[in-house]
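By UniProt numbering, the letter at position 105 of the sequence shown is numbered 105, and the numbering carries on one by one without gaps. For every residue, glycine included, the Cβ atom is placed at its ideal position computed from N, Cα and C. Take a look at the structure set out below.
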Amino acid sequence: MEQRLANTWRLTVNEKKFIETALLSGLRTDGRNLYDYRKLTINFGREDGSAEVHLGQTRVMGFVTSQLVQPYRDRPNEGTLSIFTEFSPMADPSFEPGRPGESAVELGRVIDRGLRESRAVDTESLCVIAGKLVWAIRIDLHILDNGGNLVDAANIAALAALSTFRRPECSLGGEDGQEVIVHPPEVSFLDLLYL
């Protein structure tokens with residue numbers, strides 16, 4: 001996956017030789033030594049559920065939003081989690097405006113699979129009324145600069161944004177006790193597992 005995102009052009013013979021020589025001498029093309037990490041910076045936004053990640057020269061913004069929806073029939077007691085990625089054409093010349101390209105879709109799938117398989121978000125805690133109403137959590141990842149290591153930067157941005165996201169608290173009320181009342185001033189953090 002990372003290979004496909006990184007290889008958007010073919011190296012010339014001279015570029016390949018330069019990289020091989022640099023590696024043999026213990027340097028990378030960005031000036032780091034072989035075992036040096038990229039510098040990581042996480043800036044949390046003023047809004048709940050937003051974060052900007054700088055990993056080396058790569059920059060990713062993550063935003064989390066939610067809305068009440070009907071659950072899937074096969075999972076009536078679970079909320080949903082969706083990942084959407086957008087590659088800015090300014091981030092890399094290979095990114096094109098408009099519909100998400102294959103790389104954006106694949107990156108979204110990798111992040112989605114990682115969050116689901118790790119069970120980082122407790123989707124059962126997103127249920128409001130079983131079979132009728134659940135929270136749908138949406139993570140938007142905007143790739144602003146592509147300096148390599150997109151998968152790691154996007155994963156960190158998604159987790160950082162999730163960690164500050166607060167969904168509105170809601171309760172049942174009304175005459176029949178089935179009316180959902182959303183309480184905007186009262187917010188509660190998502191139940192994140194295994195972080």
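Distance, residue j Cα to residue i Cα
{"i": "Ile129", "j": "Asn77", "result": "8 Å"}
{"i": "Gln52", "j": "Asp176", "result": "The sequence shown places Glu at residue 52, rather than the Gln named in the question. Going from the Cα of Glu52 to the Cα of Asp176 covers about 44 Å."}
{"i": "Arg99", "j": "Leu141", "result": "14 Å"}
{"i": "Tyr37", "j": "Gly174", "result": "56 Å"}
{"i": "Val60", "j": "Leu126", "result": "26 Å"}
{"i": "Ser25", "j": "Asn33", "result": "9 Å"}
{"i": "Arg4", "j": "Glu106", "result": "Any answer about Arg4 is weak, because its pLDDT of 48 lies below 50 and its placement is not dependable; what the coordinates show is given next. When rounded, the distance between both Cα atoms is 9 Å."}
{"i": "Leu144", "j": "Leu55", "result": "12 Å"}
{"i": "Arg138", "j": "Leu23", "result": "41 Å"}
{"i": "residue 219", "j": "Gln57", "result": "Not covered by the structure: residue 219. The range shown for the chain is 1 to 195."}
{"i": "Glu124", "j": "Ala161", "result": "20 Å"}
Integer Cβ distance of residue i from residue j, believed to fall under 8 Å
{"i": "Thr80", "j": "Ala136", "result": "5 Å"}
{"i": "Glu132", "j": "Gln70", "result": "Looking at the sequence provided, one finds Lys at residue 132 rather than Glu. About 7 Å; that satisfies the 8 Å criterion."}
{"i": "Leu68", "j": "Val180", "result": "7 Å"}
Residues sharing a beta bridge with residue i, DSSP
{"i": "Leu192", "result": "Val121"}
{"i": "Leu11", "result": "Paired residue(s): none; Leu11 is not in a bridge."}
{"i": "Ser171", "result": "Ile181"}
{"i": "residue 199", "result": "No answer is possible for residue 199: it lies beyond the span of the chain, which begins at 1 and ends at 195."}
Residue of the options minimising C-alpha distance to residue i
{"i": "Gly62", "options": "Gly148, Gly114 and Thr164", "result": "Thr164"}
{"i": "Asp191", "options": "Arg167, Pro97, Pro89 and Phe44", "result": "Arg167"}
{"i": "Phe189", "options": "Arg116, Phe18, Val64 and Arg28", "result": "Val64"}
{"i": "Ser82", "options": "Ser103, Val110, Ala91 and Gly101", "result": "Val110"}
{"i": "Val134", "options": "Ala120, Leu172, Phe18 and Glu117", "result": "Leu172"}
{"i": "Ser66", "options": "Ile156, Ser50 and Thr21", "result": "Ser50"}
**Item:** Contiguous alpha helix (DSSP H) assignments of at least 4 residues, all confined to the UniProt domain "Exoribonuclease phosphorolytic" (37-168)
**Value:** Complete alpha helix (DSSP H) runs here, min 4: 102-118 and 150-164.
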